[in-house]
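Colleague:
Residue numbers (my numbering), protein chains in the order written: chain A, 3 to 225; chain B, 884 to 1293.
#1: Any residues in the stretch 1198–1210 of chain B with a beta carbon nearer than 9 Å to a beta carbon of chain A? Which ones, in chain order?
#2: Just verifying my parser: in three-state terms, what is the DSSP assignment at residue 885 of chain B?
#3: From the beta carbon of residue 127 of chain A, is the nearest beta carbon of chain B less than 8 Å away?
#4: For residue 906 of chain B, tell me which candidate among B/1187, B/1196 and B/1137 has the shortest Cα-Cα distance.
#5: Comparing the C-beta of residue 1159 of chain B with each C-beta of chain A, is any distance below 8 Å?
#6: With distance defined between alpha-carbon atoms, name the residue in B/1093, B/1133, B/1220 and B/934 nearest to residue 1263 of chain B.
#7: From the DSSP secondary-structure annotation, give me the bridge partner or partners of residue 1146 of chain B.
#8: Counting pairs of Cβ atoms below 8 Å between the stretch 1034–1048 of chain B and the stretch 979–987 of chain B, do you hit three or more?
#9: Looking only at C-alpha atoms, which of A/39, A/59 and A/64 sits nearest to residue 3 of chain A?
#10: So is the beta-carbon of residue 1071 of chain B under 7 Å away from any non-hydrogen atom of the ligand COA?
#11: Could you tell me the boundaries of the alpha helix (DSSP H) in which residue 197 of chain A lies?
#12: So, under 8 Å CB-CB, residue 131 of chain A and residue 155 of chain A are touching, yes? Tell me the CB distance rounded to an integer number of Å.
#13: Using C-beta distances below 7 Å, list every residue in its chain close to residue 1282 of chain B, excluding the 5 sequence neighbours before and after it, in chain order.
#14: Please determine, among A/66, A/89, A/92 and A/56, the residue with the shortest C-alpha to C-alpha distance to residue 77 of chain A.
#15: Just how far apart, CA to CA, sit residue 225 of chain A and residue 32 of chain A?
#16: Between residue 112 of chain A and chain B, is there a C-beta pair that is closer than 8 Å?
#17: Leaving out five residues before and five after residue 1137 of chain B in sequence, what residues of the same chain have Cβ atoms less than 7 Å from its Cβ?
#18: In the structure shown, what three-state DSSP assignment does residue 1140 of chain B receive?
#19: Going straight from the alpha carbon of residue 1250 of chain B to that of residue 111 of chain A, what length do you get?
#20: In three-state terms, what does DSSP make of residue 928 of chain B?
#21: According to DSSP, is residue 164 of chain A part of a helix, a strand, or is it coil?
#22: Against chain C, does residue 95 of chain A count as a neighbour if the rule is that its beta carbon must be under 8 Å from one of theirs?
#23: Quick test of your reading: residue 152 of chain A and residue 133 of chain A, contact by CB under 8 Å. State the CB separation rounded to the nearest angstrom.
#24: Quick one: list the residues of chain B neighbouring residue 124 of chain A, beta-carbon separation under 9 Å, in chain order.
#25: Is there a Cβ of chain A sitting closer than 8 Å to that of residue 901 of chain B, yes or no?
#26: How would you list, in chain order, the residues of chain B whose beta-carbon sits under 7 Å from the beta-carbon of residue 77 of chain A?
#27: For residue 61 of chain A, does the count of other Cβ atoms within 10 angstroms reach 16, so buried, or fall short, so exposed?
#28: Just verifying my parser: in three-state terms, what is the DSSP assignment at residue 111 of chain A?
#29: Who does residue 138 of chain A pair with in a DSSP beta bridge?
#30: So, at 7 Å on beta carbons, what are the nonlocal neighbours of residue 70 of chain A in its own chain, with the 5 sequence-adjacent residues on each side left out?
#31: Could you name each continuous beta strand (DSSP E) segment of 3 residues or more that falls completely within the stretch 31–59 of chain A, going from the start of the chain to the end?
#32: Is there contact here, the stretch 1255–1275 of chain B with the stretch 1172–1190 of chain B, by at least three beta-carbon pairs under 8 Å?
#33: With 8 Å as the C-beta to C-beta threshold (strictly closer), list the residues of the stretch 28–52 of chain A near chain B in chain order.
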């Protein structure tokens, strides 16, 4: 599903160049449940952003579902983000002026799905995350865990090829974290490829494979 | 992307509803700008209308000539001679100065004349006038016709009466075609005139000049002459005045530099002064109006910059979910254009409502304020375009920011 070959990425400023990724080789098969672990500054979030086509890379090749993700135009990038990827953020990133169901439906708007179908599908995914009764609430009326579940529903609504999550439990307490992880597990059991980034060992242990990353290089990837 | 996309409009309406402060601020800038512009230009027009009404008496570009008495000896003739115009003067002026558009003479009758009709018996002022007098006096015919050239040539005994005479003598009866007795003669009423100059003018009777000369005076004298010079420059008017003075001086043997022998009242200079005054008022209003629009442009541009800044995080989220930069720019601009045009429209409407309220206020120097609708619409379009342009560049920049970076802003 995901194939990375010698991915390098540097953040350049006028005088300095910070090499964040120094040559990542990685293969993630379809249906895998993988966590990427590493300390802050190890490059794990950068790697996830590249996987999510939210950032570009300098060298190497990234193939997603058989398509080469390189030198994409803004329009192509938007297309692949919308069709191939569901992204869950640490800080939820919901639109506060929209209700839960409208937030979930938003990616479908960019697929030109009409409003009724959008909302119907969004309701279905809200039900999946157990928030059907909260569909009319705005994000600021929901708890952190509920917000993250809305965000997961939003990531799933387009039926993406992979679900990417950047520290999805970073802003949640341990009980809520546990619930969210159960949700990811459920999604994985339905056959979805799930990749999440975390620095918490107990979160990572809930996945099937842990990839340790340090100083821009993969240390090991134990099964 | 088609413009009328119901889903897109739905997104925009939701966005407008949920961001009331932002919407109100954008709308208020445009509303206020257009509102002020309409009020300003409208009141300016009202002021001009009011002043013009004040001077609607005689035609603004007329020249009036009166005979005086000589104060200088000339060709061995003594001073103190009275200068009396006559039909020869009239004909000479008409022949020699083709640039005169309308030339009129007037013959005064001494005192007032008794008008008799049925049992009515009233006295009014009567003037013998040329057909062109209607243009010089700037009078209006409310019914029938004014005196014409045939009346003048054939010395028809016809009369045009002021509107008040009609009311006093005829009441509800239609005076046209009725015969009235003026002095010793019967005259047929052919028209009713209304001269906006004064109420006194509504109590005057006009008969052909030739009739007044023959019936009442038995000579060819003309009390005064008046003319309108057509479309002449100031210099041409001065030349005309000089030429007329020389012709009349030759006819009556007086020194052309003798300014007591001939009085000339040139209203053209007043006319010019008011033209300049109007021009001044208009330029000032346009200056202030354009300033208002400019301030509106600056205001709208500022708000657009803030809006884009305010929405950077939203833009980042939308991009992460698969929005193209183009759809982001289109969303922001459509929203801005929609808000500004609605606000402009309401500003225009509110301005027109206020102007129509001011319409009731009919003072000496203010009357029927109005606004050229085209000007109002043009101002709205300018503000809408300015708002769109001001939003275009920052929204294009914002749409290009990496979504990760955009989402990090708060």
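C-beta: ideal position from N, C-alpha, C; glycine also.
Modeller: According to the structure data:
#1: Result list: 1199, 1200, 1201, 1202, 1203, 1204, 1205, 1206, 1207, 1208, 1209 and 1210.
#2: Interpretation of residue 885 of chain B is limited by its pLDDT of 49, a score under 50 that renders its predicted location unreliable; the figure taken from the coordinates is listed afterwards. Assigned with DSSP and collapsed to three states, residue 885 of chain B falls in coil, not helix or strand.
#3: Output row for residue 127 of chain A: interface = no.
#4: With distances taken between Cα atoms, residue 906 of chain B lies closest to B/1187.
#5: No, residue 1159 of chain B lies away from the interface with chain A (no Cβ there is under 8 Å from its Cβ).
#6: Comparing Cα-Cα distances from residue 1263 of chain B to each of B/1093, B/1133, B/1220 and B/934, the minimum goes to B/1220.
#7: In the DSSP assignment, residue 1146 of chain B forms a beta bridge with B/949.
#8: In the pairwise beta carbon analysis, the stretch 1034–1048 of chain B is classified as not touching the stretch 979–987 of chain B: fewer than three pairs are separated by under 8 Å.
#9: When A/39, A/59 and A/64 are compared, the shortest CA-CA separation from residue 3 of chain A is found for A/64.
#10: Inclusion of the ligand COA in the displayed structure is not the case, the ligand content being empty and no account of it being possible.
#11: It is not in any alpha helix (DSSP H) - residue 197 of chain A instead sits in the beta strand (DSSP E) that spans 195–200.
#12: Between residue 155 of chain A and residue 131 of chain A the Cβ distance is about 5 Å, and since that is below 8 Å, they are a contact.
#13: Same-chain partners within the cutoff: 1198, 1208, 1211 and 1212.
#14: With distances taken between Cα atoms, residue 77 of chain A lies closest to A/56.
#15: Residue placement at residue 225 of chain A is poorly supported in this model, since its pLDDT is 47, which falls under 50; the coordinates still yield a value, given next. Spanning the two alpha carbons is a distance of roughly 15 Å.
#16: Yes, residue 112 of chain A counts as interfacial toward chain B.
#17: When the five nearest sequence neighbours on each side are left out, the beta carbons in the same chain lying within less than 7 Å of the beta carbon of residue 1137 of chain B are those of 953, 957, 966 and 1144, in order along the chain.
#18: In the three-state scheme derived from DSSP, where H, G and I count as helix and E and B as strand, residue 1140 of chain B is classed as coil.
#19: Distance between residue 1250 of chain B and residue 111 of chain A, taken at the CA atoms: about 56 Å.
#20: Helix, per DSSP.
#21: Looking at residue 164 of chain A - three-state DSSP - the assignment turns out to be strand.
#22: Looking at the structure shown, chain C is missing, and the protein chains on hand are A and B.
#23: The pair is a contact, with the Cβ atoms about 6 Å apart (cut-off 8 Å).
#24: Among the residues of chain B, none has a CB under 9 Å from the CB of residue 124 of chain A; the nearest is roughly 13 Å distant.
#25: Against chain A, the CB of residue 901 of chain B has a partner CB under 8 Å away; the residue lies at that interface.
#26: Result: 1207.
#27: With a threshold of 16 other beta carbon atoms within 10 Å, residue 61 of chain A falls short and is exposed.
#28: Secondary structure at residue 111 of chain A: helix, using DSSP grouped into helix, strand and coil.
#29: For residue 138 of chain A, DSSP assigns no beta-bridge partner whatsoever.
#30: Counting only residues of its own chain and dropping the five nearest sequence neighbours on each side, residue 70 of chain A has a CB closer than 7 Å to the CB of 63.
#31: Within the stretch 31–59 of chain A, the complete beta strand (DSSP E) runs of at least 3 residues are 35–39.
#32: Yes, the stretch 1255–1275 of chain B touches the stretch 1172–1190 of chain B.
#33: Correct list: 51.
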